[in-house]
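Numbering (the numbering used here), first residue to last: 6 to 152.
C-beta atoms are modelled at their ideal positions from N, C-alpha and C, and glycine is treated no differently.
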């Protein structure tokens with residue numbers, strides 16, 4: 006999913022659960038989108054081929070798969086005892102939402118680098134996936150405006 010989708014779904018869930026999400030705007034923005042920074046390496050490698058090859062499992066590093074989820078979970082567990090608990094809960098929620106939507110709608114290599122097997126939970130053509138992503142992002146944008 007796109008960074009705007011990740012931000013919007015995280016913001017809406019934080020607002021529903023913790024209330025006053027605007028207070029945590031920067032934390033939500035950073036923690037809901039920073040996982041996608043690993044795509045920068047892929048973009049630099051592919052350059053002009055990026056439009057043809059698109060994004061997917063091959064554009065992710067290990068931090069965007071189960072190993073990354075484990076690392077960030079351990080980090081959040083440690084920080085839970087050191088930093089403000091609400092901030093760590095929001096950080097963790099945003100990460101969980103990012104991982105779960107990517108796993109649900111995208112192609113993943115969950116055990117990368119140990120296995121390069123690609124897994125799809127919902128199998129959609131590239132065009133169908135793009136249409137779904139646009140519709141869901143617009144819906145979340147509408148909800149965001151309402152709240």
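Quiz item: If residue 149 and residue 13 are in contact, beta carbons under 8 Å, what's the gap, nearest whole angstrom?
Solution: 5 Å
Quiz prompt | Length of the line joining the Cα atoms of residue 125 and residue 32 | solution = 30 Å
Self-check item: Of the listed residues 87, 131 and 65, nearest to residue 104 (C-alpha basis)
Solution: 65
Practice problem: Reducing DSSP to helix, strand and coil, say where residue 124 ends up. | Solution: strand
Quiz item: Taking the continuous alpha helix (DSSP H) assigned at residue 78, which residues delimit it?
Solution: 71-85
Quiz item: Can you round the beta-carbon distance between residue 123 and residue 134 to whole angstroms, since I take them to be within the 8 Å contact cut?
Solution: Not quite, the Cβ-Cβ distance comes to about 14 Å (not below 8 Å), so this is no contact.
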